[in-house]
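All remarks here apply to the structure that follows.
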Amino acid sequence: MLKRSLALAIGLTLSFCTLLAQAADTLKVSAIPDEAPTELLRKFKPLGAYLEQQLGMKVEFVPVSDYPAVVEALATDRIDLAWLGGFTFVQARLKTGNAMPLVQREQDAQFTSKFITADPAVKSLADLKGKTFAFGSVSSTSGSLMPRYFMLKDGIKPETYFSRVGYSGAHDATVAWVQAGKVDAGVLNASVWEKLVAAGKVDTTKVKVFATTPAYFDYNWTVRGTLDPALAAKIKAAFLALDPAKPADKEILDLQAASRFIETKPENYKGIEEAALAAELLK
0 MLKRSLALAI GLTLSFCTLL AQAADTLKVS AIPDEAPTEL LRKFKPLGAY
50 LEQQLGMKVE FVPVSDYPAV VEALATDRID LAWLGGFTFV QARLKTGNAM
100 PLVQREQDAQ FTSKFITADP AVKSLADLKG KTFAFGSVSS TSGSLMPRYF
150 MLKDGIKPET YFSRVGYSGA HDATVAWVQA GKVDAGVLNA SVWEKLVAAG
200 KVDTTKVKVF ATTPAYFDYN WTVRGTLDPA LAAKIKAAFL ALDPAKPADK
250 EILDLQAASR FIETKPENYK GIEEAALAAE LLK
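For what it's worth, numbering that gives the first Met the number 0 labels the leading residue of the sequence shown as 0, then goes sequentially.
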């Protein structure tokens, strides 16, 4: 009886260790839901396959319902690597104390947001006083925080300047709202705008860009602070090795709307933290 109990205990221990080993052999990756879930997964698949090959481990994409869910998942070690906007990174860094940005796209060092409208009479923000306006997600750097910050610097407080302020939840949704006439104008990330135009998903005879923000730092790939530093270094090296001269790598880079990836650091996002404090979006 004792031998049988001991054997059972050993078997359970080995099974538990096997589960832990399997979990450790899977890199869990997520992203802020700034586009439709199907689009996020489409963009990730070739990158996930590439990372599996480079890292020698399984890579799993874990979708989340909203921006705060990504921060919470990083803070509780439920994901290892995440595609974050600048503001979401600041939130993750403040919450965890050790979330570490590894790389950003080359253009993320000089990112902008586009103000759009379908009203031919609108030529500038001055023409929108008393009209309706849409941001993306409240936690979006390019769809909310930085446009709001620049408007505040120009003396425009959205909640009193516009007759109604809405939050579409995602960049492509903001375009859809403007195109359908649900709001008079909106603002979104420049990269998504360019992608939607190139794909013919915007009627540019109706919807136009009428203003662009100054440049700021934005998106990055961030790892949880408790991740094995050696694995984090391998992940960074894999991103930096992507070469646009290689067709397979170019496919990955194109889906990520990247010319190439470059190293980044927490200090790059101090300006966004200051903007968030000024906009009273951080407590």
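Every residue, glycine too, gets a C-beta built ideally from N, C-alpha and C.
Using a C-beta cut-off of 8 Å, the stretch 102-109 makes no contact with the stretch 140-154, since fewer than three inter-stretch Cβ pairs fall below that distance. For residue 94, no beta strand (DSSP E) run applies; the uninterrupted alpha helix (DSSP H) run containing it begins and ends at 85-95, by DSSP. At least 8 Å separates the beta-carbon of residue 135 from that of residue 83. Residue environment: residue 195 is assigned as buried (16 or more neighbouring CB atoms within 10 Å of its CB, all protein chains considered).
Around the beta carbon of residue 229, fewer than 16 other beta carbons sit within 10 angstroms, so the residue counts as exposed. In this chain, residue 29 is not harboured by any alpha helix (DSSP H); it is covered by the beta strand (DSSP E) spanning 25-30.
Rounded to whole angstroms, the Cβ separation of residue 95 and residue 74 is 5 Å, and the two are in contact under 8 Å. From the listed residues 190, 156, 110, 67, the smallest Cα separation to residue 254 is found for 190. In terms of CA proximity to residue 198, 38 leads the group 32, 29, 25, 38. Taking residue 32 as reference, the option from 218, 278, 92 with the minimal CA-CA separation is 218. Here the stretch 157-171 makes contact with the stretch 124-132; the two share three or more CB pairs at distances below 8 Å.
Counting along the chain, residue 115 sits inside the beta strand (DSSP E) bounded by residues 112-116. Considered as a whole, the stretch 93-175 harbours 145-152, 157-160 as its complete alpha helix (DSSP H) runs of no fewer than 4 residues, in chain order.
A Cβ-Cβ separation of about 5 Å places residue 212 in contact with residue 149 under the 8 Å criterion. The way I'd put it, the stretch 265-282 doesn't touch the stretch 49-61; fewer than three beta-carbon pairs between them come closer than 8 Å. Across the set 241, 120, 53, the C-alpha of 241 shows the shortest separation from the C-alpha of residue 258. Unbroken alpha helix (DSSP H) runs of no fewer than 4 residues, entirely contained in the stretch 205-270, are found at 228-240, 246-254, following chain order.
A straight line joining the alpha-carbon of residue 167 with that of residue 177 spans about 10 Å. Contact between residue 220 and residue 101 holds, since their C-beta atoms are separated by about 5 Å, short of 8 Å. In its chain, beyond the 5 residues on either side, 241, 242 have a beta carbon closer than 7 Å to the beta carbon of residue 248. Contact check for residue 79 against residue 26 passes: the beta carbons are separated by less than 8 Å. Annotated as proximal: residue 28 and residue 47, with beta-carbon spacing under 8 Å. The criterion of a C-beta distance shorter than 8 Å is not satisfied by residue 147 and residue 244.
For residue 186, the enclosing beta strand (DSSP E) covers residues 184-188. Nearest neighbour of residue 266 by Cα position, chosen from 237, 231, 215, turns out to be 215. Residue 200 is classed as exposed because its beta carbon has fewer than 16 other beta carbons within 10 Å across all chains shown. Residue 171 and residue 281 have their C-alpha atoms spaced approximately 26 Å apart. If you draw a straight line from the Cα of residue 112 to the Cα of residue 208, it is about 10 Å long.
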